[in-house]
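S.K.: Below is the structure I would like to discuss, written out as structure tokens.
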């Protein structure tokens, strides 16, 4: 099955997967098929590369399971902006500007060429994002540290059964060329329309279940799944499940913004 659920080796059932690879459109990664990657800088961590330029993304994102004493000596790179979100656990983080103790829901954004380091005393699960920063004259990004539990839930496009959190001040500061968001849907809620736009998304599902329109397909996506949406792919979802018994649909996702098209 995979290292995530510790079901490895001999298998009784037939091999199967929910992963879907449609480059130029969308990609879904079933957590049961994820493998560990050796990535320099990570120590005592299980790292899975999720999105990458190999699938058409302008970014790379990762699922990182940190073991006791695990650390990283520098997430980022020359000209690379980076973001780290704590899915579970706690750890110490720092860059050239700030240091912080992050707990579940905590995050740090670090501007280009300002690497993030972390160290954990116990177990932790992280969602990590890297992207080459696109500078714009007269503006720049800056370090942002916070926790999703302290952010306001805003009605998504005026709907009272769908809510969004914005992690970065991109809406009023064009020094930022991307943002990270969390969307939450009550069971039965949906997007207001099928979106089609130039921006790409990398999405990691934190809880719940959905039926997601991706291109010409309706695809079931749930907690633990990863989805990459390429530019212009039609996209929207319904949150599904047994209201009152199952979790609401919640996922974290990236979105590039505030830049013109390079010609």
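Residue numbers (this note's numbering): 22 to 284.
Each residue gets a CB set at the ideal place from its N, CA and C atoms; glycine is no exception.
#1: What's the call for residue 175, buried or exposed, on a 16-neighbour Cβ count within 10 Å?
#2: Could you tell me whether the stretch 251 to 264 touches the stretch 114 to 127, where touching means 3 or more Cβ pairs closer than 8 Å?
#3: Looking at residue 253: is its Cβ nearer than 8 Å to the Cβ of residue 218?
#4: Would you call the stretch 74 to 85 and the stretch 237 to 256 touching, i.e. three or more CB-CB distances under 8 Å?
#5: On the DSSP bridge assignment, give the partners of residue 139 in chain order.
#6: Please classify residue 56 as buried or exposed, where buried requires at least 16 other C-beta atoms within 10 Å of its C-beta.
#7: Could you please give the first and the last residue of the uninterrupted beta strand (DSSP E) stretch that includes residue 175?
#8: With DSSP as the reference, identify every bridge partner of residue 64, one or two as the case may be.
#9: Less than 8 Å between the C-beta atoms of residue 191 and residue 164, yes or no?
#10: Can you name the residues that DSSP bridges to residue 259?
#11: Among 37, 126, 199, which residue has its Cα nearest to the Cα of residue 150?
#12: Locate the beta strand (DSSP E) running through residue 221, then write down its first and last residues.
#13: Based on the DSSP output, what are the partners of residue 21 in its beta bridges?
#14: Would residue 102 and residue 154 be called neighbours here (beta carbons separated by less than 8 Å)?
#15: Considering only C-alpha positions, which residue in the set 63, 276, 114 is nearest to residue 72?
#16: Could you check the C-alpha separation between residue 129 and residue 65 for me, to the nearest Å?
#17: According to DSSP, is residue 200 helix, strand or coil?
#18: Using the Cβ count rule (16 or more neighbours within 10 Å means buried), how would you classify residue 52?
#19: Report the partner residues of residue 187 according to the DSSP bridge assignment.
#20: May I ask you to report which of helix, strand or coil DSSP gives residue 164?
#21: I need the DSSP call for residue 241, collapsed to helix, strand or coil.
#22: For residue 274, would you say it is in contact with chain D, using Cβ-to-Cβ distances shorter than 8 Å as the test?
#23: So, at 7 Å on beta carbons, what are the nonlocal neighbours of residue 45 in its own chain, with the 5 sequence-adjacent residues on each side left out?
M.R.: To lay it out plainly:
#1: For the purposes of this step, residue 175 is taken as residue 154 along the chain shown, with counting starting at 1. Residue 175 is exposed by the Cβ-count criterion.
#2: Contact between the stretch 251 to 264 and the stretch 114 to 127 is absent, because fewer than three Cβ pairs lie under 8 Å.
#3: As a first step, residue 253 is located in the chain shown; it is residue number 232 there, counting from the start. As a first step, residue 218 is located in the chain shown; it is residue number 197 there, counting from the start. Judged by their CB atoms, residue 253 and residue 218 are nearer to each other than the 8 Å cut-off.
#4: Segment contact: the stretch 74 to 85 against the stretch 237 to 256, three or more CB-CB distances shorter than 8 Å; contact assigned.
#5: If you number the chain shown from 1, residue 139 lands on position 118. According to DSSP, which records beta bridges pairwise, residue 139 is partnered with 93, 114.
#6: The residue you call residue 56 lines up with position 35 of the chain shown. It is exposed - the Cβ of residue 56 has fewer than 16 other Cβ atoms within 10 Å.
#7: Taking the first residue of the chain shown as position 1, residue 175 is located at position 154. Note, residue 175: beta strand (DSSP E), 175 to 177.
#8: Taking the first residue of the chain shown as position 1, residue 64 is located at position 43. Its beta-bridge partners are 92.
#9: As a working note, residue 191 is residue 170 in the chain shown. As a working note, residue 164 is residue 143 in the chain shown. No, these two residues do not count as a Cβ contact at 8 Å.
#10: Within the chain shown, numbered from 1, the residue matching residue 259 stands at position 238. Answer is 211, 232, bridged to residue 259.
#11: As a first step, residue 150 is located in the chain shown; it is residue number 129 there, counting from the start. The shortest Cα separation from residue 150 among 37, 126, 199 belongs to 199.
#12: For the purposes of this step, residue 221 is taken as residue 200 along the chain shown, with counting starting at 1. Note, residue 221: premise wrong, no beta strand (DSSP E); not H, not E.
#13: The structure shown does not extend to residue 21, since the chain is modelled only from 22 through 284, so no value can be given for it.
#14: In the chain shown, counting from the first residue as 1, residue 102 sits at position 81. In the chain shown, counting from the first residue as 1, residue 154 sits at position 133. In this structure, residue 154 lies closer than 8 Å to residue 102 by Cβ.
#15: Translated into positions along the chain shown, residue 72 becomes position 51. Comparing C-alpha distances from residue 72 to each of 63, 276, 114 shows the shortest one belongs to 276.
#16: The residue labelled residue 129 in the question sits at position 108 within the chain shown. The residue labelled residue 65 in the question sits at position 44 within the chain shown. Their Cα atoms are separated by approximately 21 Å.
#17: Locating residue 200 in the chain shown gives position 179, where the first residue counts as 1. Three-state result, residue 200: strand.
#18: Your numbering for residue 52 matches position 31 in the chain shown. Counting every other CB atom within 10 Å of its CB across the protein chains shown gives residue 52 a total of 16 or more, marking it as buried.
#19: Numbered from its first residue, the chain shown carries residue 187 at position 166. 202.
#20: Your numbering for residue 164 matches position 143 in the chain shown. Correct three-state label for residue 164: coil.
#21: In the chain shown, residue 241 corresponds to position 220, counting from 1. Note: residue 241 maps to strand in three-state DSSP.
#22: Among the chains in the structure shown there is no chain D, since it carries only a single protein chain.
#23: Taking the first residue of the chain shown as 1, we reach residue 45 at position 24. Here the set comprises 77, 251.
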